[in-house]
Amino acid sequence: MTNPLGKTVPYGDSVDESILFPIERGPSRTRLNLRDPLPFEGLDRWTAFEVSWLDSSGIPHVGIATISYPARSTFLVESKSLKLFLGGFNFTKFPSPAAVEEAIAGALRKRLECPEVEVSIVTSDRWDELSLVGAPGLCVDRIQIDSAQDFRLHAGDEEVEETIHSHLLRSLCPVTAQPDWGSVAIHYRGKKLSHASLVGYLLSHRSHQGYHEECCELIFMDLLNVLNPSKLWVGCLYTRRGGIDINPERWLPGTERPTIVGRLARQ
Numbered sequence: 004m005t006n007p008l009g010k011t012v013p014y015g016d017s018v019d020e021s022i023l024f025p026i027e028r029g030p031s032r033t034r035l036n037l038r039d040p041l042p043f044e045g046l047d048r049w050t051a052f053e054v055s056w057l058d059s060s061g062i063p064h065v066g067i068a069t070i071s072y073p074a075r076s077t078f079l080v081e082s083k084s085l086k087l088f089l090g091g092f093n094f095t096k097f098p099s100p101a102a103v104e105e106a107i108a109g110a111l112r113k114r115l116e117c118p119e120v121e122v123s124i125v126t127s128d129r130w131d132e133l134s135l136v137g138a139p140g141l142c143v144d145r146i147q148i149d150s151a152q153d154f155r156l157h158a159g160d161e162e163v164e165e166t167i168h169s170h171l172l173r174s175l176c177p178v179t180a181q182p183d184w185g186s187v188a189i190h191y192r193g194k195k196l197s198h199a200s201l202v203g204y205l206l207s208h209r210s211h212q213g214y215h216e217e218c219c220e221l222i223f224m225d226l227l228n229v230l231n232p233s234k235l236w237v238g239c240l241y242t243r244r245g246g247i248d249i250n251p252e253r254w255l256p257g258t259e260r261p262t263i264v265g266r267l268a269r270q
C-alpha cells in the first residue's frame, strides 16, 4: 500500500486493514534534531465522526470513535488511509460496538506496530453525553502585533505558571499543501512568554508543511528552548478533514495535563 493522500482511491465495501498506511515518525524528528530518549511524553488522539457498521441483523448503526496511541510509537497512521479503512466497516456485520472497537484497534495495533492503541465508540443513543468545550486558559488572539516584527518567540526573566491558547494555528499538508486549521493550547511554568511573540510565531507558521503531529512537536521544542520550563504541555486541536480531527499532545514528564473532555466549537 502506498500513501493514498492526493490520489483518487475508491472506497471498498469490506474491511481491509492493508489499506492503513503507517508513516514513520523518525524522519520528521530528525529534522527537529530529536533523538532518543525523547524530551517529551505524548499522545495522539483522533476523533472519527463518520463510523458506521451493520449489526448481526444487517441494520446499520453509527458512532463517533476516539482513537489514541502514544507519541513514542514508531509510526503514526495517515488520515486518508484511516478514513478509507473505516469506510470498509459500512457494509460489514459486527455483533456489538465493542467488536467494532476491537476490529479497529486490532488493525491499527498491527499496522502501527503499537500494542497500546485504544479505541472507544460513542453510539448515537449516547450523543447527548457529548459537549462542546472551550480551549483552556487565556486567549491571546486579540493582542496587537506589528506585522513587521521579528516573529520569533520571546520570554522575559520573570518566572510564571500560566495556561494560554490561540485559534490562529494553520499549517499545510506535506503532500497536498492544503491548509489545516486548528487551535493550540499551552500550559507551562517557566520564563514568562511574550504573548505577542506567540501570535507572531503562529502566523509565521501558516505556510509550514508538516503532519499535525510534527507541527505539535515543532511548537513544543521551540517553546522548550525559549522558556526553560519546569512544566510544559502543548496541545494542537485541529479541525476535522474527511470526518476526522487530530489532536496531538506533547508534555514534559511530570507536567499535569489540562483536561479537555469534549470538542471545540469548530471541531
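Residue numbers for the sequence shown follow the working numbering, beginning at 4 and rising by one.
Yeah, the Cβ is synthetic: ideal placement off N, Cα and C, and Gly gets one too.
Indicate whether residue 109 and residue 18 have their beta-carbon atoms separated by less than 7 Å.
-> Going by C-beta atoms, residue 109 is not nearer than 7 Å to residue 18.
Output the distance between the C-alpha atoms of residue 173 and residue 80, rounded to the nearest integer angstrom.
-> Each residue's alpha carbon lies about 21 Å from the other.
Look up residue 218 in the DSSP assignment and say whether it is helix, strand or coil.
-> It is helical.
Relative to the alpha-carbon of residue 56, which residue among 49, 68, 45, 251 has its alpha-carbon at the smallest distance?
-> By alpha-carbon distance to residue 56, the top candidate from 49, 68, 45, 251 is 68.
Have a look at the DSSP bridge pairing and note the partners of residue 49.
-> According to DSSP, residue 49 bridges with 70, 249.
Given that a residue counts as buried once 16 or more other Cβ atoms are within 10 Å of its Cβ, and exposed if not, what is residue 241?
-> Counting of Cβ neighbours within 10 angstroms places residue 241 among the buried residues, the total reaching 16 or more.
Anticipated Cβ contact below 8 Å, residue 223 with residue 253, distance rounded = Between the beta-carbon of residue 223 and that of residue 253 there is about 4 Å, and that keeps the pair under the 8 Å contact cut.
Where does residue 97 sit, in a helix, a strand or coil, going by DSSP?
-> Looking at residue 97 - three-state DSSP - the assignment turns out to be coil, as it is neither helix nor strand.
What residues are listed by DSSP as bridge partners for residue 64?
-> 56, per the DSSP bridge assignment.
Straight-line Cα distance separating residue 94 from residue 40 = Each residue's Cα considered, the two are about 43 Å apart.
Where residue 130 falls, given that 16 or more other Cβ within 10 Å makes a residue buried = By the Cβ neighbour-count rule, residue 130 is exposed, with fewer than 16 other Cβ atoms within 10 Å of its own.
Secondary structure of residue 281, DSSP reduced to three states | Because the chain in this structure spans residues 4 to 270, residue 281 falls outside the shown range and cannot be described.
Look at the alpha carbon of residue 187 and the alpha carbon of residue 178, and state the distance between them as a whole number of angstroms.
-> Cα to Cα, residue 187 sits roughly 22 Å from residue 178.
Rounded to whole angstroms, what's the CA-CA distance from residue 74 to residue 163? Just pull it up for me.
-> Between residue 74 and residue 163, the C-alpha separation is close to 27 Å.
Using CA coordinates, which residue listed in 182, 235, 226 is at the minimum distance from residue 213?
-> The option with the nearest alpha carbon to residue 213 is 182.
Cβ pair residue 50, residue 225 closer than 7 Å = If you check the CB distance, residue 50 and residue 225 do not come in under 7 Å.
Give me whichever residues DSSP pairs with residue 234 in a beta bridge.
-> Bridge partners of residue 234: 192.
Count the other CB atoms, across all protein chains shown, that sit within 10 Å of the CB of residue 211; report buried if there are 16 or more and exposed otherwise.
-> Per the 10 Å Cβ criterion, exposed.
Can you tell me the Cα-Cα spacing of residue 170 and residue 38, whole angstroms?
-> Cα to Cα, residue 170 sits roughly 30 Å from residue 38.
Can the beta-carbon of residue 122 be found closer than 7 Å to that of residue 107?
-> Yes, the pair counts as a contact, with Cβ atoms nearer than the cut-off.
Cα separation between residue 120 and residue 35?
-> Distance between the alpha carbons of residue 120 and residue 35: 25 Å.
May I have the straight-line CA-CA distance separating residue 114 from residue 25, to the nearest angstrom?
-> For residue 114 and residue 25, the distance between alpha carbons rounds to 7 Å.
Less than 7 Å separating the beta-carbons of residue 189 and residue 237?
-> Yes; because the gap between Cβ atoms is below 7 Å, this pair is in contact.
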